[in-house]
Amino acid sequence: MKIYSLLLCKNEADIIASVLNDACQWSDKIIVFDNGSNDGTWEIVCDMANQHPDIIIPYAHDGRAFRIGLRALSFDAFKQEMTPDDWWCIRMDADEFYVDNPKDFLAKVPKRYQQVSKTSFDYVLCHEDLQEHNFSGHFEEDKDKIRYYKPTNWAETRFVRHSPRLHWEIDQKKPQPLGLTYPEAIRVKHYQFRSPQQMQQRYAIRQASKQAGCGSFHHEKGSSWKDYLAYRQEMYFDANDGNLKTQGNRNKLRRMHQEFLKAILQSVRYYG
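See the structure below:
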């Protein structure tokens, strides 16, 4: 079983090395599509590829308009190397770390399932954090200061079992056709907010993408990066003891009527 991870990133210099080092522990290949970074992210990726030449593949440095489906280009370039025993991490994000080892997790997924979703613990910066700490803007130096996360998780497809039938158009968020989703989700720590410096940069990039017509960030409603700061009393605290509690997912990824239809299609080998 191989795992090929598709990483799409832009201006993540503060965290990209940490994420790549972590993902090298479970990915057979990490195919990196840099969407026009100008903060040194691409240079870090290339340097790490020299250190891990068999795993990290600097596939493209391309500043075209952002869309989630840009990963389709990486998928098409490497799909000939995959077999039905293999998995894609179709959306490896540059701010996520897996609590559960994907190699071990995917090895136990029965053949009838083609998708695995994540349940993410979404870390935030709080107003109190900014009062108590000075942030360097480098994740490894700041991560011990980032201890609060939202009480509810976010569910999203992360892994897809390879099939020769899979086809991915650039205007699609993931390849098609996809069958049943495994009932158990893989756990992820998600650090989308890491320092005031990073939050300001993140806000500026997403606002520019929205103005350019990108529809991927319609959920970004803040009028300033400070609108994304939280209050500790409303969050959960990570005591670093491995006990991550949750009130459940705040979105419903699996629809029962869809899963029922997919089960029928699976029985007639529609998905390959």
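According to the working numbering, the stretch in the sequence shown is residues 10 to 281, in order.
Where is the CB? At the ideal position from N, CA and C, for every residue including glycine.
Member of the options whose CA lies at the smallest distance from the CA of residue i
{"i": "L238", "options": "D109, I155 and K254", "result": "I155"}
{"i": "P160", "options": "H136, D131 and G146", "result": "D131"}
{"i": "D71", "options": "G45, P192 and D94", "result": "G45"}
{"i": "R241", "options": "D138, T166, A248 and I25", "result": "D138"}
{"i": "V133", "options": "Q216, D104, I39 and L82", "result": "D104"}
{"i": "M208", "options": "I24, F114 and I12", "result": "I24"}
{"i": "Y107", "options": "N143, D43, Q34 and D151", "result": "Q34"}
{"i": "N30", "options": "A217, P62 and F144", "result": "P62"}
{"i": "H82", "options": "D94, I99 and D95", "result": "Inspection of the sequence shows that residue 82 is occupied by Leu rather than by His. The shortest Cα separation from L82 among D94, I99 and D95 belongs to I99."}
{"i": "L17", "options": "Y191, I65 and L253", "result": "I65"}
{"i": "Q3", "options": "K112, A26, G78 and D153", "result": "In the structure displayed, the chain extends from 10 to 281; residue 3 sits before or after that span and is not available."}
{"i": "Q216", "options": "Y200, F42 and A74", "result": "A74"}
{"i": "Q206", "options": "D109, L189 and S233", "result": "S233"}
{"i": "I39", "options": "D48, A69, D113 and V197", "result": "A69"}
{"i": "D43", "options": "M101, W96, D95 and N59", "result": "M101"}
{"i": "A164", "options": "V197, Y158 and E149", "result": "V197"}
{"i": "D37", "options": "H176, W97, D247 and Y158", "result": "W97"}
N- and C-terminal bounds of the alpha helix (DSSP H) containing residue i
{"i": "A69", "result": "Element bounds for A69: not the alpha helix (DSSP H) but the beta strand (DSSP E), I65 to H70."}
{"i": "M57", "result": "T50 to Q60"}
{"i": "I25", "result": "I25 to A32"}
{"i": "K112", "result": "P111 to A116"}
{"i": "Q140", "result": "H136 to E141"}
{"i": "D236", "result": "Premise fails: D236 is in no alpha helix (DSSP H) and is neither H nor E."}
{"i": "F148", "result": "F148 to D151"}
Boundaries (first-last residue) of the beta strand (DSSP E) holding residue i
{"i": "T166", "result": "W163 to R170"}
{"i": "E105", "result": "E105 to Y107"}
{"i": "R100", "result": "W96 to M101"}
Counterpart residues of residue i in DSSP-defined beta bridges
{"i": "K38", "result": "Y13"}
{"i": "R196", "result": "T128"}
{"i": "F246", "result": "Y157"}
{"i": "Y122", "result": "L189"}
{"i": "H176", "result": "Q185"}
{"i": "A6", "result": "With the chain represented from 10 up to 281, any question about residue 6 goes unanswered, as that position is not in the structure."}
{"i": "N258", "result": "N162"}
{"i": "D43", "result": "C18 and H70"}
Cβ distance (whole Å) where residue i is taken to contact residue j below 8 Å
{"i": "H147", "j": "M91", "result": "Wrong, their Cβ atoms sit about 35 Å apart, outside the cutoff."}
{"i": "V125", "j": "R167", "result": "6 Å"}
{"i": "I12", "j": "L115", "result": "7 Å"}
{"i": "A194", "j": "T128", "result": "4 Å"}
{"i": "K183", "j": "V169", "result": "7 Å"}
{"i": "D153", "j": "R203", "result": "At roughly 12 Å, the Cβ-Cβ gap does not stay under 8 Å, so D153 and R203 are not in contact."}
{"i": "A22", "j": "T50", "result": "5 Å"}
{"i": "N110", "j": "T255", "result": "With a Cβ gap of about 20 Å, N110 and T255 do not count as contacting."}
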